[in-house]
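Engineer: One structure is given below, represented as structure tokens, and several questions about it will come after.
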Amino acid sequence: MAKRKENKNIEDQNPSKADVVEEESKRVDDDTQNQEIDHEAKSNKKNKENHTVTMETIAENPNNISPIVGYFPSGYDPLSNKSVTKLYRNVKRNNRLQLVVSPNGSQVDFVGTNYSGEATSAQLCTYSLGVLDKETQTLKIVPIAANKIIRLEPRVRESEVPETEDPETVKQELTAEERYDKMKILTQMYSSKKSILQASKLDSLRQQEDTGNQEEFDKNIAGAINKEALEVAVTTDNARNIPPHDLAATTPQLAYPLDRIIFSGEWNYLLDVFELMKAGADVTPDLYPSFVCNRSYKLEHIQDENEKKRLAGIFSFITHLVKFKDKHSMDGVSSSKHHKTPVILFQKFSSMFAITNSKRLPDEKRDLLISYVLVLTLFADDFRSDLSDIAKDLRMSTVTLRPYYEYLGCKFVREKNVLLATLPVPLEFPTLRRKRRR
């Protein structure tokens, strides 16, 4: 029995050749599996390799049409069949486009527009077309024409009836008066009380301005004004870039009528300086120009309430003009960042000085704004105005500001080593000097 047990132990310690072969085959299989896993991991690393791509955004050019993007909801594949693509633009309305895809050998056209059907739905995003050039590693992003993805619907060519405009699309194209009336109704229905009050005041102000211009026109016709003076005034108004003026005025106050610069309905929005002085607060330089700060003491010496409101309103109007200029210039944006201009005045300034898409004032309109400011400074200083303060507010020197005063018809006098601008009447404008050719 003892010998048999020993033999069994020896057999357990020394396995057979078949067992050894099985173990070696398992090891080989494990090694091959590990090699395959390593190979897959390396291939994944290669696929995840980063690329450095330069991105270029191309702006829309008005002279060239942007790419047109359309899709076929019917499932038609334009790549499998040759097709002819045509783009049509409306002669009267340049923003209207029509895309037509005509497959060869078919009587069906796929037609889509950017002004009817699905294209008239609310636009909640902006579409662009990206083109990646692998050789140059450049991604170009191009805007899509009309920012619309056009839905191409199938239409039978022979039985096609001339397309009539969608009545809903026609309704959307309203005139300026209809659009104004519609906005007025919406304002009355859904806006706040403050917005409704501002809109009603703006409406009344426009009506007063229209009736005032008509009455003035009728008076001029009925009054039989001197024709020569009228012709001079008309040509001067068209030629000179200055505020409304009267060449036949006998006093400086009438030379540049204040009621044609600040309309009657605008005085109610120019009470900020008056209310500050009434409350005993100071006019601080961080909120108001130095011209206003250095002359606010004049309000304390005026006893008449209406005269005090008038001068304070002029100070406030000057402030809004200066801040409006700073807001639309490169060097004064920070000073006007927190300034709040009344809506009625902001709309007036935007229409008077023709703000462009670049948000900068054109040179001609900037000069007109400066002329308005200088005329109001003459009113504030009783037509004997010091140039230093307002030159600082306009970010100009007194030397560069002096020609603007002369262009308005002002003369200069010196009192106690201070140069003052005065306005003699009747107005005499300087003639343009032309250099002689040698």
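Per full-length UniProt numbering, residue 1 is the first one in the sequence shown, and the count goes up by one each step. Beta carbons are placed, not taken as given, at the ideal position from N, Cα and C, and that holds for glycine.
1. Is P285 buried or exposed, if buried means 16 or more other CB atoms sit within 10 Å of its CB?
2. So V375 is in the alpha helix (DSSP H); what residue range does that whole segment cover?
3. So who's on the other strand from V69, going by DSSP bridges?
4. Can you find at least 3 beta carbon pairs, one from the segment 407-422 and one from the segment 300-320, that sit closer than 8 angstroms?
5. CA-CA distance, T422 and T400?
6. Using only the alpha-carbon positions, how far apart do L427 and L369 sit?
7. Sort Y71, F263, D363 by Cα distance to I314 and report the nearest one.
8. Are the beta-carbon atoms of S316 and L270 separated by less than 7 angstroms?
9. Can you list, in chain order, the residues of its chain whose CB lies under 7 angstroms from that of L230, leaving out five sequence neighbours each side?
10. What residue does the beta strand (DSSP E) around A255 start on, and which one ends it?
11. Which residues in the same chain as V100 place their Cβ atom closer than 6 angstroms to its Cβ, once the five residues preceding and following it in sequence are excluded?
12. Am I right that S66 and A145 are in contact with their C-beta atoms under 8 angstroms? What's the rounded C-beta distance?
13. Would you say S371 and P243 are within 7 angstroms of each other, going by their C-beta atoms?
14. Go to D326, then tell me how far its alpha helix (DSSP H) extends in each direction, as first and last residue.
15. Can you tell me whether DSSP reads Q188 as helix, strand or coil?
16. So, is D326 buried or exposed, given that buried needs 16 or more other C-beta atoms within 10 angstroms?
17. Give the secondary structure of D109 by DSSP, where H, G and I count as helix, E and B as strand, and everything else as coil.
18. Are M55 and L139 closer than 7 angstroms when you measure CB to CB?
19. Specify, as a first and last residue, the run of the beta strand (DSSP E) that R402 falls within.
20. Are the beta-carbon atoms belonging to N241 and D367 less than 7 angstroms from one another?
21. Specify the secondary structure class of D331 as computed by DSSP and reduced to three states.
22. Among the candidates E300, Y190, T377, whose CA atom is the shortest distance from the CA of residue 439?
23. Counting along the chain, where does the beta strand (DSSP E) carrying L132 start and finish?
24. Give me whichever residues DSSP pairs with S83 in a beta bridge.
25. In angstroms with no decimal places, state the Cα-to-Cα distance between V343 and Q123.
26. Cα-Cα, which of A255, S200, D272 is closest to T341?
27. Answer with buried or exposed for E11, where buried requires no fewer than 16 other C-beta atoms within 10 angstroms of its C-beta.
28. Just to confirm before moving on: does the CB-CB distance between L345 and H320 stay below 7 angstroms?
29. Please classify E178 as buried or exposed, where buried requires at least 16 neighbouring CB atoms within 10 angstroms.
30. Go ahead and label Y88 buried or exposed: buried means 16 or more other beta carbons lie within 10 angstroms of its beta carbon, across all protein chains shown.
31. Could you spell out the range, first to last residue, of the alpha helix (DSSP H) harbouring E275?
32. Considering only the alpha carbon of each residue, which of D381, M396, R395 lies closest to L420?
33. Give me whichever residues DSSP pairs with E56 in a beta bridge.
34. Sort out for me which residues DSSP pairs R155 with in a bridge.
35. Find out if the Cβ-Cβ distance for the pair N147, T113 is shorter than 7 angstroms.
36. Could you spell out where the alpha helix (DSSP H) holding residue 441 opens and where it closes?
Structural biologist: For this structure:
1. Position 285 of the sequence shown, counting from 1, holds the residue named residue 285. Exposure of P285 is indicated by the presence of fewer than 16 other C-beta atoms within 10 angstroms of its C-beta.
2. What you label residue 375 is simply residue 375 of the sequence shown in a count that begins at 1. Taken as a continuous stretch (DSSP letters only), the alpha helix (DSSP H) holding V375 covers 363-380.
3. Your numbering for residue 69 matches position 69 in the sequence shown. In the DSSP output, where bridge partners are listed per residue, V69 has I149.
4. No, the segment 407-422 is not in contact with the segment 300-320.
5. What you label residue 422 is simply residue 422 of the sequence shown in a count that begins at 1. What you label residue 400 is simply residue 400 of the sequence shown in a count that begins at 1. C-alpha separation (whole angstroms): 17 angstroms.
6. Within the sequence shown, numbered from 1, the residue matching residue 427 stands at position 427. Within the sequence shown, numbered from 1, the residue matching residue 369 stands at position 369. Put simply, the backbone Cα of L427 is about 20 angstroms away from that of L369.
7. In the sequence shown, residue 314 corresponds to position 314, counting from 1. It is F263 whose Cα lies nearest to the Cα of I314.
8. The residue you call residue 316 lines up with position 316 of the sequence shown. The residue you call residue 270 lines up with position 270 of the sequence shown. Yes; because the gap between Cβ atoms is below 7 angstroms, this pair is in contact.
9. One-based indexing of the sequence shown puts residue 230 at position 230. Note that L230 has pLDDT 39, beneath the 50 cutoff, so the model's placement of it is unreliable and no number is given.
10. Taking the sequence shown and counting its residues from 1, one reaches residue 255 at position 255. Counting along the chain, A255 falls outside any beta strand (DSSP E), though it belongs to the alpha helix (DSSP H) covering 252-255.
11. Mapped onto the sequence shown, residue 100 falls at position 100. Excluding its 5 nearest sequence neighbours in each direction, V100 has C-beta neighbours in its own chain below 6 angstroms: K86, D109, V111, listed in chain order.
12. Working through the sequence shown from its first residue, we reach residue 66 at position 66. Working through the sequence shown from its first residue, we reach residue 145 at position 145. Yes, they are in contact, since the Cβ atoms of S66 and A145 sit about 4 angstroms apart, within 8 angstroms.
13. Mapped onto the sequence shown, residue 371 falls at position 371. Mapped onto the sequence shown, residue 243 falls at position 243. Yes.
14. Numbered from its first residue, the sequence shown carries residue 326 at position 326. 305-327 is the span of the alpha helix (DSSP H), which, as asked, contains D326.
15. Indexing the sequence shown from 1 puts residue 188 at position 188. Here Q188 sits in helix by DSSP.
16. For this step, residue 326 is matched to residue 326 along the sequence shown. So D326 ends up on the buried side.
17. Along the sequence shown, one-based indexing puts residue 109 at 109. In the structure shown, D109 sits in a strand (DSSP, three-state: E or B).
18. In the sequence shown, residue 55 corresponds to position 55, counting from 1. In the sequence shown, residue 139 corresponds to position 139, counting from 1. L139 sits close to M55, with the two beta carbons spaced by under 7 angstroms.
19. Residue mapping note: residue 402 aligns to position 402 of the sequence shown, counting from 1. Here R402 belongs to no beta strand (DSSP E); instead the alpha helix (DSSP H) covers 398-407.
20. Taking the sequence shown and counting its residues from 1, the one referred to as residue 241 is at position 241. Taking the sequence shown and counting its residues from 1, the one referred to as residue 367 is at position 367. With respect to the 7 angstroms criterion, N241 and D367 are classified as neighbours on the basis of their beta carbons.
21. Walking along the sequence shown from the start, residue 331 turns up at place 331. In the displayed model, D331 falls within coil according to three-state DSSP, outside both helix and strand.
22. No statement about residue 439 is possible, as the shown extent of the chain runs from 1 to 438 and does not include it.
23. To locate residue 132, count along the sequence shown from 1; it is residue 132. Going by DSSP, L132 is part of the beta strand (DSSP E) stretching over 128-133.
24. Position 83 of the sequence shown, counted from the first residue, corresponds to residue 83. Answer is P103.
25. On the sequence shown, residue 343 is found 343 positions in, with the first residue counted as 1. On the sequence shown, residue 123 is found 123 positions in, with the first residue counted as 1. Taking C-alpha positions only, V343 is separated from Q123 by approximately 28 angstroms.
26. Working through the sequence shown from its first residue, we reach residue 341 at position 341. It is D272 whose Cα lies nearest to the Cα of T341.
27. Here the question's residue 11 lines up with position 11 in the sequence shown. Confidence at E11 is low in this model, with a pLDDT of 49, below 50, so the placement of that residue should be treated as unreliable; the coordinate-derived value is given next. Under this definition E11 is an exposed residue.
28. The residue you call residue 345 lines up with position 345 of the sequence shown. The residue you call residue 320 lines up with position 320 of the sequence shown. Yes. Within cutoff.
29. Reading the sequence shown from its first residue, position 178 is the one you call residue 178. E178 comes out exposed.
30. For the purposes of this step, residue 88 is identified with residue 88 of the sequence shown, where counting begins at 1. Answer is exposed; the Cβ neighbour count stays below 16.
31. Walking along the sequence shown from the start, residue 275 turns up at place 275. 272-278 is the extent of the alpha helix (DSSP H) around E275.
32. Numbered from 1 along the sequence shown, position 420 holds the residue referred to as residue 420. Taking the Cα of L420 as reference, the smallest distance to any Cα among D381, M396, R395 is reached at D381.
33. For the purposes of this step, residue 56 is identified with residue 56 of the sequence shown, where counting begins at 1. DSSP lists K140 as the bridge partner or partners of E56.
34. The sequence position of residue 155 within the sequence shown is 155, counting from 1. For R155, which the question treats as bridged, DSSP gives the partners D109.
35. Within the sequence shown, numbered from 1, the residue matching residue 147 stands at position 147. Within the sequence shown, numbered from 1, the residue matching residue 113 stands at position 113. Contact flag unset, no.
36. Any question about residue 441 goes unanswered here, given that the chain covers just 1 to 438.
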